[in-house]
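Numbering (full-length UniProt numbering), first residue to last: 1 to 261.
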Amino acid sequence: MKAKFAEYITYFMYSLITILILLTMLILVDWLNWEPKYSLPLKTPPEQSEEIRQATPAKKSSTGGIVRAEVPFTAQAPFWNWGDIIYEEWCEEASIIMAVSWSRWQRLTATWANAEIKNISNFEKDLFWNFLDTSVYDTAKAMKGYFNFTQYKIIEKVTKKDIIDSLGNWNILVVPVYWRDLKNPNFTQPGPIAHMLVVTWYDPLKKQFITNDPWTKNWKSYRYGEDVLYNAIWAYPSSATEHKLPAKIGRAKTIIEVYKK
Numbered sequence: 001m002k003a004k005f006a007e008y009i010t011y012f013m014y015s016l017i018t019i020l021i022l023l024t025m026l027i028l029v030d031w032l033n034w035e036p037k038y039s040l041p042l043k044t045p046p047e048q049s050e051e052i053r054q055a056t057p058a059k060k061s062s063t064g065g066i067v068r069a070e071v072p073f074t075a076q077a078p079f080w081n082w083g084d085i086i087y088e089e090w091c092e093e094a095s096i097i098m099a100v101s102w103s104r105w106q107r108l109t110a111t112w113a114n115a116e117i118k119n120i121s122n123f124e125k126d127l128f129w130n131f132l133d134t135s136v137y138d139t140a141k142a143m144k145g146y147f148n149f150t151q152y153k154i155i156e157k158v159t160k161k162d163i164i165d166s167l168g169n170w171n172i173l174v175v176p177v178y179w180r181d182l183k184n185p186n187f188t189q190p191g192p193i194a195h196m197l198v199v200t201w202y203d204p205l206k207k208q209f210i211t212n213d214p215w216t217k218n219w220k221s222y223r224y225g226e227d228v229l230y231n232a233i234w235a236y237p238s239s240a241t242e243h244k245l246p247a248k249i250g251r252a253k254t255i256i257e258v259y260k261k
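This is how it looks when you write it as structure tokens:
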């Protein structure tokens, strides 16, 4: 009996070791294949960094009876180079660049934004082993770590009133959404499921949220109906795919509130 039990234990241990070896090999193969596929240039040119340090405060304007701060804008493909499909993955990086630039009263140039998007991606790859569809929590970690930025807080179970009140207090919001529910006619249908954008202010007369949507260079101050955008909010997981948690089931509403010092 004891010999039989020992035989079972030995078989179990050998099986476990074999499974662990196979998993390790799969991880290594995936990592080695991923490295050349997403090879990115490093480091922002010094002259661009200097330009940002010397930037003057962004202008303030009055629109629809509401005074608001202008939020710097960049598309996730600053030079419209969609031939490189990796730019389709960089809405999170573009969103935090806009948010941090606004908080620090910095201007944006396409050259600087393009370099920084790639630098943040490399930073995320070192931090998370991934930069594809980073979750709202991982996006906040990247923003804090890369920019040494702490003027933000994560708001869970956010309500529409919370969003409107936050914007009324001169904050802006980095918001993850289920892209297809935005029903934007300019999106190529059906489009991906995970997207991130910056909500810059609220128009109470038209009941619309105004956003800096990084999908295209023409979507600065793009408007979404308040219900459309709020219902689309979805704290998607990192590396979100069609095969993960369905967005319409138990959709968590978590956002990043960004403020000035």
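Glycine included, each C-beta is placed from N, C-alpha and C at the ideal position.
Quantities reported herein were computed from a predicted structural model and do not represent experimental measurements.
The way I'd put it, the stretch 93-102 does touch the stretch 71-78; three or more beta-carbon pairs between them come closer than 8 angstroms. Around the C-beta of I17, fewer than 16 other C-beta atoms lie within 10 Å, and the residue is accordingly described as exposed. When rounded, the separation of the alpha-carbon atoms in I210 and I19 is 51 angstroms. In this structure, A232 and Y178 form a Cβ contact; the two beta carbons are roughly 5 angstroms apart against a cut-off of 8 angstroms. No residue range can be given for E156, since it is assigned to no beta strand (DSSP E) and is classified by DSSP as neither H nor E. The C-beta distance from I117 to V136 rounds to 18 angstroms, too long to fall under 8 angstroms, and the pair is not in contact. In the three-state reduction of the DSSP assignment, T74 falls in the coil class. For T200, the enclosing beta strand (DSSP E) covers residues 194-203. By DSSP's assignment, Y178 forms a beta bridge with A194. Assignment of beta-bridge partners to G168 by DSSP yields no partner. Straight-line measurement puts the Cα of Q106 at about 12 angstroms from the Cα of A113. Here N212 really is in contact with V198; their C-beta atoms are around 4 angstroms apart, less than 8 angstroms. Setting aside the 5 residues that flank it on each side, L167 is surrounded in the same chain by W201, Y202, each with a C-beta closer than 6 angstroms to its C-beta; the list follows chain order.
When the beta-carbon positions are compared, S238 and D138 come within less than 9 angstroms of each other. Closest option to E89, judged by alpha-carbon separation, among E257, K261, L229, P214: P214.
Around the beta carbon of P204, fewer than 16 other beta carbons sit within 10 angstroms, so the residue counts as exposed.
Separation of R180 and V158 (C-alpha to C-alpha, rounded to the nearest whole angstrom) is 20 angstroms.
For F209, the enclosing beta strand (DSSP E) has its first and last residue at 208-212.
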